[in-house]
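There are 2 protein chains.
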Amino acid sequence: MRRTGVMALRKGALVNATIAEIGREGSLDVTVGQIAKAAGVSSALAHHYFGSKEELFLAAMRAILSGFGTEARVRLATAKTPEARLRAIVEASFAPQNFQPHVISAWLNFYVMAQHVPAANRLLRVYQRRLAANLTHALRALSPSPEATAATAAALIDGLYIRHALADAGAPDSATAAARVMDYLKVAIR
Amino acid sequence: MRRTGVMALRKGALVNATIAEIGREGSLDVTVGQIAKAAGVSSALAHHYFGSKEELFLAAMRAILSGFGTEARVRLATAKTPEARLRAIVEASFAPQNFQPHVISAWLNFYVMAQHVPAANRLLRVYQRRLAANLTHALRALSPSPEATAATAAALIDGLYIRHALADAGAPDSATAAARVMDYLKVAIR
DNA sequence: TTTTTAATTGACTGGTCAATCAACAAAACA
DNA sequence: TGTTTTGTTGATTGACCAGTCAATTAAAAA
Chain R
155 MRRTGVMALR
165 KGALVNATIA
175 EIGREGSLDV
185 TVGQIAKAAG
195 VSSALAHHYF
205 GSKEELFLAA
215 MRAILSGFGT
225 EARVRLATAK
235 TPEARLRAIV
245 EASFAPQNFQ
255 PHVISAWLNF
265 YVMAQHVPAA
275 NRLLRVYQRR
285 LAANLTHALR
295 ALSPSPEATA
305 ATAAALIDGL
315 YIRHALADAG
325 APDSATAAAR
335 VMDYLKVAIR
Chain W
155 MRRTGVMALR
165 KGALVNATIA
175 EIGREGSLDV
185 TVGQIAKAAG
195 VSSALAHHYF
205 GSKEELFLAA
215 MRAILSGFGT
225 EARVRLATAK
235 TPEARLRAIV
245 EASFAPQNFQ
255 PHVISAWLNF
265 YVMAQHVPAA
275 NRLLRVYQRR
285 LAANLTHALR
295 ALSPSPEATA
305 ATAAALIDGL
315 YIRHALADAG
325 APDSATAAAR
335 VMDYLKVAIR
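These protein sequence lines are chains R and W, in that order.
Residue numbering for the first sequence is 155 to 344, as defined by our numbering.
Residue numbering for the second sequence is 155 to 344, as defined by our numbering.
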């Protein structure tokens, strides 16, 4: 039970601290020292486990993306009809966990990172492709042009996300955001 | 004709260089030195005219936002019907000038900046409010819930923007993106 | 127990960069 | 002409930070 315990524990703490600090700061302008301190370890340890700051950021990004993926998989598993599958995907995208302020902030910053860090770009593409594929598949039987509808819905999800990230008031809450996407889908599939 | 000439000239060059460098780098991680060099002046001059790096970034943000605003105003001026107004707004948002890679990159980075620089947040809100107000106004006579439709359309515009910013292939071009928003609006207004 | 291996850190280094300043050049003006 | 104003820069400073390393402690293995 306590075999690889420490290493996984520390890595996890550092990844969480990274997400938290990026969220707190609102930018990628966080030092390894800050992150390490928040995780309760020294900055040297962070380097020891991750090698570089960029690698640490990527690990944090992977953690968030994998959270999305898991959420979607779980919900899709119990969805039988195409409509239910659509709802599952949309609701997974707007699950409360994804709407925690620090997660949303980290997410936004990863967009920026994806512009100049190839590995980050690849990660994001995997997520985007999977989202598009899931939507397209669910729309196959419903929409005259599944790909286009899926692309629009995906963009709508991202856009609502951003609005949420930047608003301190007046923005739709996550349930409303999900409902908006479902509304779009309802009118788009016929 | 040549009164304030030099100052305006240098400021303009520095603002353009800022946008260009942010685009080239893909992040706000550009030094004043880099920007100044691209503008053909010394970094000391940049500080002389703008006081600080942040002020320079804000000036660049203002320039981009004002570009959007002008574009929209021009197109709206000749739009007579509500439908034409909608089209004018959407097409202004997706005007080629706004889709130049460095503009799109700067835009994305300003989103991040808006998270932790109050002045940047305010600027972005002004833009968002104006876009929403324009859309809502045009939708007043067309949609049963103009505000909601406007909010969704605005999010869709932002989302398509981001997809475009991150894709090096497979993303809809600007004309397609505009068409997608118009398609959404067409089905939403009845 | 002794030895090996893993975990952890404080101190340091080399480099970067925003911001300042004193000085110089070149117009504009008197 | 000399004098003020405006434009401009090189050099410098002070702070910060990613990443390294040698050394220390604690745990595991022999």
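Virtual Cβ for every residue (Gly too), placed ideally from N, Cα, C.
(message) Just to confirm my understanding: we take residue 256 (chain R), look at its own chain, exclude 5 residues before and 5 after, and list those with CB closer than 8 angstroms. What are they?
(response) Excluding residues within five positions, the ones whose Cβ falls inside 8 angstroms are 173, 174, 176, 177 and 178.
(request) Taking C-beta pairs closer than 8 angstroms, name the residues in chain R that residue 259 (chain W) reaches, listed in chain order. (result) Within chain R, the residues near residue 259 (chain W) are 269.
(message) Three or more C-beta pairs under 8 angstroms: does that hold for the region 275-285 of chain W against the region 277-290 of chain R?
(response) Verdict: no, contact absent.
(message) Can you check which of these residues, R:328, R:343 and R:302, is closest to residue 333 (chain W) by C-alpha distance?
(response) Selected option, being the one with the closest Cα: R:302.
(request) Using 7 angstroms as the cut-off, classify the Cβ of residue 328 (chain R) as near or not near the heavy atoms of the ligand COA, replying yes or no. (result) With respect to the ligand COA, the structure offers nothing, as it holds no ligand at all.
(request) Pull up the distance between the alpha-carbon of residue 346 (chain W) and that of residue 318 (chain W), whole angstroms please. (result) The first residue shown for chain W is 155 and the last is 344, placing residue 346 (chain W) beyond what the model contains.
(request) Report the neighbours of residue 309 (chain R) on chain W: residues whose CB is nearer than 7 angstroms to its CB, in chain order. (result) Simply 310, 313, 314 and 317.
(request) Answer with buried or exposed for residue 299 (chain W), where buried requires no fewer than 16 other C-beta atoms within 10 angstroms of its C-beta. (result) Looking at its Cβ environment, which holds fewer than 16 other Cβ atoms inside 10 Å, residue 299 (chain W) is exposed.
(message) I'd like to know whether the C-beta of residue 280 (chain R) is nearer than 8 angstroms to at least one C-beta of chain W.
(response) No, its Cβ sits nowhere closer than 8 angstroms to a Cβ of chain W.
(message) At a CB distance below 7 angstroms, what residues from the region 174-186 of chain R approach chain W? Give them in sequence order.
(response) So the list reads 179, 180 and 181, given in the order they occur along the chain.
(request) State yes or no: is the beta carbon of residue 334 (chain R) nearer than 8 angstroms to at least one beta carbon in chain W? (result) So, interface residue.
(message) Quick check on the DSSP output: what are the complete beta strand (DSSP E) runs of length 3 or more inside the region 226-260 of chain R, in order along the chain?
(response) List check, beta strand (DSSP E) in window: nothing returned.
(message) So for residue 294 (chain R), helix, strand or coil by DSSP?
(response) In this structure, residue 294 (chain R) counts as coil in the three-state DSSP scheme.
(message) For residue 193 (chain R), which residues in the same chain have their Cβ closer than 6 angstroms to its Cβ, ignoring the five residues on either side in sequence?
(response) Only 167, 168 and 171 meet the Cβ criterion.
(message) Along the chain, where does the alpha helix (DSSP H) containing residue 310 (chain W) start, and where does it finish?
(response) Note, residue 310 (chain W): alpha helix (DSSP H), 300-320.
(request) Using alpha carbons as the reference points, say which of W:314, W:242, W:308 and W:296 lies closest to residue 342 (chain W). (result) It is W:296 whose Cα lies nearest to the Cα of residue 342 (chain W).
(message) Let me make sure I understand the geometry here. Which of R:234, R:196 and R:261 has the alpha-carbon closest to that of residue 292 (chain R)?
(response) When only C-alpha atoms are compared, the closest one is R:234.
(message) Let's see if you can read the secondary structure: which residues bound the alpha helix (DSSP H) around residue 196 (chain R)?
(response) For residue 196 (chain R), there is no enclosing alpha helix (DSSP H), as DSSP marks it with neither H nor E.
(message) If distances are taken between C-alpha atoms only, which option among R:181, R:182, R:198 and R:184 comes closest to residue 165 (chain R)?
(response) Nearest option by C-alpha distance: R:198.
(message) With three or more C-beta pairs closer than 8 angstroms as the rule, is the region 239-253 of chain W touching the region 220-227 of chain W?
(response) Contact annotation: the region 220-227 of chain W touches the region 239-253 of chain W, with at least three C-beta pairs closer than 8 angstroms.
(message) Please report the straight-line C-alpha distance between residue 264 (chain W) and residue 180 (chain W), rounded to a whole angstrom.
(response) Rounded to whole angstroms, the separation of the alpha carbons of residue 180 (chain W) and residue 264 (chain W) is 11 angstroms.
(message) Please state whether the Cβ-Cβ distance between residue 306 (chain R) and residue 315 (chain W) is less than 8 angstroms.
(response) No. Outside cutoff.
(message) Considering Cα atoms alone, identify which of W:271, W:162, W:222 and W:251 is closest to residue 182 (chain W).
(response) Considering only W:271, W:162, W:222 and W:251, the residue with the shortest C-alpha distance to residue 182 (chain W) is W:271.
(request) Return the residue from the list R:261, R:222, R:221 and R:188 that minimises the CA-CA distance to residue 207 (chain R). (result) Nearest C-alpha to residue 207 (chain R): R:188.
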